[in-house]
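Here the structure comes first, spelled out in structure tokens, and everything after it is commentary.
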Amino acid sequence: MSADLGEHGTTAEGGAPSEGNAAGAVRAVRDAADPAPGQAGPPLPDGATAREHRTPAGGAPAMVDVRSVHKSFGAHEVLRGIDLRVRAGEVAVVLGPSGSGKSTLLRTINHLEKVDSGRISVDGALVGYRRCGDRLYELREREILKQRTRIGFVFQNFHLFPHLTVLDNIVEAPVSALKRPRRQAVAAAERLLARVGLADRAASYPRQLSGGQQQRVAIARALALEPKLLLFDEPTSALDPELVGEVLDVIKDLAHQGTTMIVVTHEIGFAREVADTVVFMDDGRIVEQGSPAEVLDRPRHDRTRAFLSKVL
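In case it helps, our numbering puts the sequence shown at residues 41 to 352.
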């Protein structure tokens, strides 16, 4: 399957999100044929290899390696040559104005959006593609869905199944996608609900929960697949202000336990407290990145300083 634009019917930054991890993992998938000649994906950057386990400064392997990624929607270029590395166990917080490409970047990392050029690997494996010679070919649909079980995605609008209880929202993907025995999946789901402070809401339906509680269920659902990486797309933006703290506390707990995460957020205090790396994006580019002290307290670029002056 080619990596041409528009395959998913998606919209530019801020549009309706396409199918998420759990929904994609549990739906029936068809076998897809191997790509025919000419159905190639984007070209690899110079010097790239199909499997690469780079060890950046600091010793830990690169869990996420984004290289020279470009993405356009029609004539609008949303990502303009993104390079990003996140080590295992790190938390990277991505800041930037609306429309800067933050959400699109997350969606390319688990192949909800295809890149036009460049490549992305997670835990040493290419995301969404395999290499054949000097070209990349898109994986079969079921192989892509399998990859997504290793990359958890928490959306800003929760994306829970309204007709399922809280417990069944968490159990569904491990049973259907990972073929785990239901009893085992239920026990794991109950532990996760306790972990996010919702042990007493297993039998509730999403409509009976507050926004903060629904987002905590969404986090538990993502964790149920035991992902290598968690992606958060503005997890508190749809919440009432008084509910933000309960969700951030869960994410902080995950950070303290060494979970590798990329978090798109406008919560500067959270970034300062939890992030190993702060990334500032604008107009589809990474303007600067560094430690919280470097980016938030001593930004080098005028655009970063202008943004922070409006949100701090």
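For glycine and all other residues, C-beta sits at the position ideal for the given N, C-alpha and C.
Remember, it's a predicted structure, so these values are computed and weren't measured experimentally.
Using the rule of at least 16 other Cβ atoms within 10 Å of the residue's Cβ for burial, across every protein chain shown, is residue i buried or exposed?
i: S277; result: exposed
i: P275; result: buried
i: E313; result: exposed
i: A132; result: buried
i: G261; result: Sequence inspection shows Arg at residue 261; the Gly mentioned does not correspond to that position. Buried.
i: R256; result: buried
i: P339; result: buried
i: G114; result: exposed
i: R231; result: exposed
i: S143; result: buried
i: F347; result: buried
i: A227; result: exposed
Would you tell me roughly how many angstroms separate the C-alpha atoms of residue i and residue j, rounded to the nearest one?
i: S349; j: P281; result: 21 Å
i: F354; j: L288; result: The first residue shown for the chain is 41 and the last is 352, placing residue 354 beyond what the model contains.
i: A102; j: D174; result: 23 Å
i: G374; j: L279; result: Residue 374 cannot be examined here, being either before or after the span of the chain that is shown, 41 to 352.
i: Q254; j: R180; result: 32 Å
i: S112; j: S157; result: 10 Å
i: L204; j: Y245; result: 6 Å
i: L283; j: G252; result: 5 Å
i: A217; j: E307; result: 33 Å
i: K292; j: A315; result: 9 Å
i: V215; j: D342; result: 50 Å
i: V351; j: L176; result: 41 Å
i: F195; j: L166; result: 23 Å
i: A229; j: S250; result: 19 Å
i: V290; j: V211; result: 20 Å
i: A264; j: R147; result: 20 Å
i: H110; j: I326; result: 12 Å
i: G164; j: A128; result: 11 Å
i: N209; j: L200; result: 7 Å
i: P323; j: V104; result: As written in the sequence, residue 323 is Asp, which differs from the Pro given in the question. C-alpha separation (whole angstroms): 22 Å.
When every heavy atom of the ligand FAD is checked, does at least one fall within less than 8 Å of the C-beta of residue i?
i: I149; result: This structure lacks the ligand FAD, and indeed carries no ligand of any kind.
Restricting to Cα atoms, I'd like to know which of the options is closest to residue i.
i: V206; options: A234, V162, R345 and Y177; result: A234
i: I259; options: M301, V104, A227 and V133; result: M301
i: L119; options: G330, R340, G164 and V106; result: V106
i: T344; options: L263, P137 and K111; result: P137
i: E178; options: V131, G164 and I160; result: I160
i: V303; options: E117, G114 and E130; result: E130
i: E117; options: N209, Q248 and G139; result: G139
i: T305; options: H199, D273 and S331; result: D273
i: F198; options: R340, A115, R247 and A228; result: R247
i: G330; options: A225, N209, V134 and V351; result: V134
i: L185; options: A100, A225 and A213; result: A213
Discussion item. Taking contact to mean 3 or more Cβ pairs, one atom from each stretch, closer than 8 Å, check whether the region 166-173 and the region 237-249 are in contact.
Written reply: no
Worksheet item: How about the region 218-233 and the region 288-306: do they share at least three Cβ pairs that are nearer than 8 Å?
Response: no
Worksheet item: Taking one C-beta from the region 307-326 and one from the region 121-137 each time, how about it: are there three or more such pairs within less than 8 Å?
Response: yes
Practice prompt. Please go through the region 101-157 and give each complete alpha helix (DSSP H) segment of 4 or more residues, from N-terminal end onward.
Written response: 142-149
Practice prompt. Report yes or no: do three or more beta-carbon pairs, one from the region 189-207 and one from the region 262-274, lie closer than 8 Å?
Written response: yes
Discussion item. When you compare the region 326-346 with the region 151-162, are there three or more beta-carbon pairs, one atom per stretch, that lie closer than 8 Å?
Written reply: no
Worksheet item: Can you list the beta strand (DSSP E) stretches of 3 or more residues lying completely in the region 178-265, in chain order?
Response: 191-194
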